[in-house]
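Protein chains in written order, with full-length UniProt numbering: chain A, 1 to 567; chain B, 1 to 567.
Backbone N, C-alpha and C fix where the C-beta goes; we use that ideal spot for every residue, glycine too.
Here is the structure we will look at.
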């Protein structure tokens, strides 16, 4: 039958039931509405009676002796796996009080982690209470919370954003702050706390777990792996949530821009992609869309490339494409690129020193204070970037690297270099750059089916860990390439992910960011194809995320390749 | 059943059959693949025998006497409507030779217009030939074409972009160019030509139709309404294609940014939206998403607002929101805004004059040449915008208005004004601006179900008009709020859409751009709600375009409101 076209605005009348949340004035779109009612599958083990089996004792990612000293109560504890059991190993009538907090930047799926915890308590510990701490870790310290009820959670099911209880970037660091956290968990009589966050937040979760254990406080702490950047992962935690959705949103836009580039035939689109340190997002988007040029920060760092090297690499490909009469293309650049280039780091620290004195003369004599290498680099930079480096400083007087629009910088540098080659007669094409930055659009999209299901299982599993009295673990759902029924559920000792860093003369525990491995399967796949992508136009347009039908259950290439390589 | 997560990359192996097209190296995503096989419904009248009924004689949108002089052969001709008939009124064995050309900027659905023409010929005039002119109108003039076969068209069905035959911005204007077009259609023995384009291209189509008719050349010319800007429409042509898809892509991103704004609670997102002259896209996106502030260019022009007025409007709302503790929000700005502000136009033309002399002194004495009003405005502008106005000029030495990043300009002006109010004690909030430009991402997305079906009907209908020997019409598909079966199909006399403009002492025919009507239903709906949207947070997140399931058959608010108001 022919579709009858309806108005998206029919949903204008479908108001979400009034609730106490910030969303009460919102009107849901048809798609938002349909997602609320989307039922989520659970791994089989979470659908039956289960028990928790402990694995072998764990160590640390590095410097186990130091980690052992920092976590005397938790170090070495085994990871836990849920397995089916004849009967429940926990008391069905046990009522729990659990708190949950969102920490750091948004990632699609956070609301589903909370729904998962809530539903676990409803299903397995009737009469339990779930508190949501408002505005991130500050909510714990200030004891700002809301009781999460079925009605409260309902409009957020499978929705993007962190606005159910909001997030924040505060950290619980000082002894006073630990004390505040202690007061809160005692006041609320919490049996458990779930910290949904990235590497730093999970480190913090483990410190809290250690602190509570050391004080004989009953509150157990479990973490959940969140970050669109995809840099919190290990064998037991194959991916952080939000990465899947964010990459697909960016890839949709990149695919559209590619078709535009090919249709118009006259623009090079320079696309900067969010993802502060690691280049996972850029790599995944490249695998999904096949751009002509992709810069991976980790490769630039490993090969110790200069800005000139990277520019030349881009210019060489553009020149070759011009010979084939392709004066268009798409280039992906990771947000963190500039941090990977040592010479840029040197220049910036020199500038920070010089600019601190405020003795920048119009005539440019101040430049003599730069080292030769830095001066050369500075002169190589386009003027607007020079000005940005000079003018835009944070309250501490430091140059704001994150504010540098790398994509525009490269357009200008490439333009200059191509002009030079044109004069020399080695380039005959035409070049017009268009810049894009895809960032905020990806952090709060409606979670994909994968992220929705994955997050729900992470939350549900976290509930199980807490009910079993586990602490200092990160919720771990694995076997993700298989059907959801076969996903494994458990918890990994956070201390086992840690190493130490020396800061201010002290050892600080850190979960190392998982960077793009040049020997890893995703990079190797990319590296084996990029030359072909460079000169031919192998563009793939992933299209908008679908929630039903073809493509709706796809998982990321990164995950598939990494898990495939492990298998 | 639980979904089994698969890899989007399974499609890596589903290569589109090699063809002679530029897409041959492409690998289709699962969604792209699924769209190829999406079957399109046709209006009932195109599924049976039909005949073409002429309506009453037509006139012109303005200055009918001048239009009559410019189009002596075509002026006054009736519009045509297809109605069901007992038998075909055209000879089933008649073989046609038809050419098609894409003109101007990309809009999602262009490929479907071509598929529609092709399928019409296959269904109703077997043995016909369809030529695609390459690279826009230049392809007609240079006789650069490709024969479009079933295999050639196949991978482009329901796909975004214009890359099947590419587009171009050349115009057929001079007597020599008309002569070239004549040579081409004679050489190819064309019975008909379909021009897919915006207002200018359809005017050009009509001039070609008149020229061929005047020379007794058999080639009939039919236009199709294309532009994401939505400014080519009238009673008989309710919308231009591509508007629906582009708005939904932008609205997806805006919706995501809104959720991000609410989750983070600390950013004002200034979103500039593509759409050169008219603000239809901005208005439609506002109706879909409910931003806090939306600037409509036509309103600014009608009310003769200054840049300061617009800034104050924004700042007032931000201040009020700060009182409610909302230090975040989303603001939509149409790309063409600056063209709507008379004082900016004055300043720019003065700058063009002054800068032409190249006597800009460092000391700023040149500013004395500005009128008082322009000087005041110039001083009001943030420095980077001042510099942009001074430095970035096109090859003719003119200031490049389109390059001005209005969203960044407003962030700076708002910041300055808020700082002032802070000093005065009338504003106590915190302000951080984030800028976005959504443009290229929307021009080449996979067409929505609506655009796919609409374009297919436009093309199929154009085939019917040409087979019936109609010329100088624009393909018209209407009744779009009803099920596809009930859509009406026909052609509207292009001369009836025209008025004249005086250029270089001569009358030039023009199809007037349809601007946002302040008395029209879409603007009135928006105006009735915007105060609520400003202070409450009524955000709606439309989510990604769906091709099946809820929301997949939605039509634009603009269309629904306009057609509803007509009914």
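For residue i, I'd like the list of residues in its chain whose CB is within less than 8 Å of its CB, leaving aside the five on either flank, ordered along the chain.
i              : result
residue 569(A) : This structure does not reach residue 569(A), given that chain A is present from 1 up to 567, and the question cannot be answered.
residue 232(A) : 198, 199, 202, 225, 226, 240, 511, 513 and 514
residue 1(B)   : Residue confidence for residue 1(B) is low, a pLDDT of 45 falling below 50, so the modelled location carries little weight; the figure read from the coordinates is stated next. Hits under 8 Å: none found.
residue 562(A) : 238, 520, 521 and 522
residue 470(A) : 52, 80, 220, 222 and 491
residue 367(B) : 375 and 378
residue 421(B) : 315, 319 and 427
So which residues on chain B does residue i lean against when the C-beta distance must stay under 7 Å?
i              : result
residue 548(A) : 548 and 549
residue 32(A)  : 541 and 543
residue 444(A) : 256, 259, 260 and 263
Helix or strand or just coil, what does DSSP make of residue i?
i              : result
residue 285(B) : helix
residue 38(B)  : coil
residue 10(A)  : Per-residue confidence for residue 10(A) stands at a pLDDT of 38, beneath the threshold of 50, marking its modelled position as unreliable; the derived number appears in the next sentence. Of the three classes helix, strand and coil, the one that applies to residue 10(A) here is helix, per DSSP.
residue 556(A) : coil
residue 194(B) : strand
residue 133(B) : strand
residue 234(B) : coil
residue 219(A) : coil
residue 333(A) : strand
residue 488(B) : strand
residue 84(B)  : strand
residue 147(A) : strand
residue 440(B) : helix
residue 562(B) : helix
residue 476(A) : strand
residue 211(B) : helix
residue 22(B)  : Because the pLDDT of residue 22(B) is 45, which lies under 50, any placement of that residue in the model is unreliable, and the question is left without a value.
residue 188(A) : coil
residue 386(A) : helix
residue 206(B) : helix
residue 498(B) : strand
residue 503(B) : strand
Go through its chain and collect everything with a Cβ distance to residue i's Cβ below 6 Å, but skip five positions before and after it.
i              : result
residue 57(A)  : 76 and 78
residue 429(A) : 322 and 327
residue 177(B) : 141
Taking Cβ-Cβ distances shorter than 7 Å, what residues in chain A pair up with residue i?
i              : result
residue 253(B) : 441
For a cutoff of 9 Å on Cβ pairs, would you count residue i as touching chain D?
i              : result
residue 386(B) : Within the model displayed, chain D is absent; protein chains A and B are what it includes.
Anything in chain A within Cβ reach of residue i, meaning under 9 Å, just list it in chain order.
i             : result
residue 28(B) : 540 and 541
Using a Cβ-Cβ cutoff of less than 7 Å, which residues in the same chain neighbour residue i once the five nearest sequence positions on both sides are dropped?
i              : result
residue 324(A) : 535
residue 570(A) : Any answer about residue 570(A) is impossible in this case: the structure gives chain A only from 1 up to 567.
residue 320(A) : 535
residue 317(B) : 292, 293 and 534
residue 351(A) : 389 and 399
Show which residues of chain B have a CB atom less than 9 Å away from the CB atom of residue i.
i              : result
residue 106(A) : 259, 260, 263 and 264
residue 434(A) : 439 and 440
What does residue i reach in chain A if we use C-beta pairs closer than 8 Å?
i              : result
residue 504(B) : Neighbours of residue 504(B) on chain A: none; closest Cβ ~29 Å, over 8 Å.
residue 269(B) : 440
Quick one, which residues of the region 159-193 of chain A are near chain B if we go by CB-CB under 7 Å, in chain order? 160, 161, 162, 163, 166 and 167
Does the contact criterion of 3 or more C-beta pairs under 8 Å hold for the region 229-243 of chain A versus the region 214-221 of chain A? no
Cβ contact (3+ pairs, closer than 8 Å) linking the region 127-145 of chain B and the region 63-73 of chain B: no
Between the region 284-298 of chain A and the region 252-264 of chain A, do three or more beta carbon pairs fall short of 8 Å? yes
Is it the case that the region 290-308 of chain A contacts the region 423-437 of chain A, given that we only count it when at least three CB pairs across the two stretches are under 8 Å? no
With three or more C-beta pairs closer than 8 Å as the rule, is the region 95-114 of chain A touching the region 180-200 of chain A? yes
Interfacial residues, the region 550-561 of chain A to chain B, with Cβ spacing under 9 Å: 550, 551, 552, 553, 554, 555, 556, 557, 559, 560 and 561
Cβ-based contacts, 7 Å cut-off: residues of the region 520-538 of chain B near chain A: 536, 537 and 538
Any chance the region 332-351 of chain B sits against the region 295-307 of chain B, with 3 or more Cβ pairs inside 8 Å? yes
Check each residue of the region 281-303 of chain A: if its Cβ is closer than 9 Å to any Cβ of chain B, include it; give the result in chain order. 287, 288, 289 and 290
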